[in-house]
Amino acid sequence: MTLTTAAWLAVAAYSLHIMEEYSFDWRSWARDVIKLPVEWPDFYVTNAVVVAVGIAQAMLASSMPLIALGYTGLMLINALFFHFLPMIRAKGRYSPGAFTALLLFLPSIACSWSAALSTGVADIGTIVLGVVIGAVLMAYPVVMLHLRSHPYFQQPQREATR
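Once you know that position 144 of the sequence shown is 144 in the UniProt record's numbering, the rest is easy, because the numbers rise by one and skip nothing.
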């Protein structure tokens, strides 16, 4: 399998993951368990961006493998820190998205890393850097969610004019 093929499969896996999260109300779980101040519009926009980034990384995988490895890094950070570890801390309370993180994300990550290593387009250091990039990508919307409550970032509300 090539890294490009694995990258496209990662987009498909992430898309199915989003469906699981939405179907089982990840928003309410995230607010209650991990205390993330997320609303449904945040979920929609963030996941639209994740899919757009996924398409871009799959298209660039052959010429820029680090971008594809950053996406799998995002998948790993998402699985670990937004599903598996919170489930453990919540004494097994189901995290919407955990099934696809386990059944689709982990194999997808393994396929991407294997393809990158076996074809020589990346080494272990590049994969580690991909995980770091993934962590930054995962942190970005979370940081923005927290910053928007600070007065500096709030915009004045005005009545709509006709």
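Don't be surprised by glycine CBs; every beta carbon is placed ideally from N, CA and C.
Leu137 sits in a helix when the DSSP states are folded into three classes. A Cβ-Cβ distance of about 38 Å is found for the pair Ser149 and Ala6, leaving them out of contact under the 8 Å criterion.
Of the residues Ile88, Thr46, Arg93 and Leu106, the one whose Cα lies closest to the Cα of Ala79 is Leu106. Between the beta-carbon of Ala48 and that of Leu3 there is about 24 Å, and that puts the pair past the 8 Å contact cut. Distance from the CA atom of Val136 to the CA atom of Leu103, rounded to whole angstroms, is 24 Å. Distance from Arg31 to Phe43 at the Cβ level is roughly 11 Å; contact not present, criterion being Cβ atoms closer than 8 Å.
Around the C-beta of Ile133, 16 or more other C-beta atoms lie within 10 Å, and the residue is accordingly described as buried.
Membership of Met87 in the alpha helix (DSSP H) is indicated by the continuous run Leu85 to Arg89. In this structure, the beta-carbon distance from Leu76 to Val131 falls below 8 Å. In the three-state reduction of the DSSP assignment, Gly70 falls in the helix class, which pools H, G and I.
Counting along the chain, the unbroken alpha helix (DSSP H) around Ile109 starts and ends at Leu106 to Ser118.
The residue from Leu129, Tyr71, Met144 and Phe99 with its alpha-carbon nearest to that of Trp8 is Tyr71. Annotation for Thr4: the continuous alpha helix (DSSP H) segment containing it runs Leu3 to Ser23.
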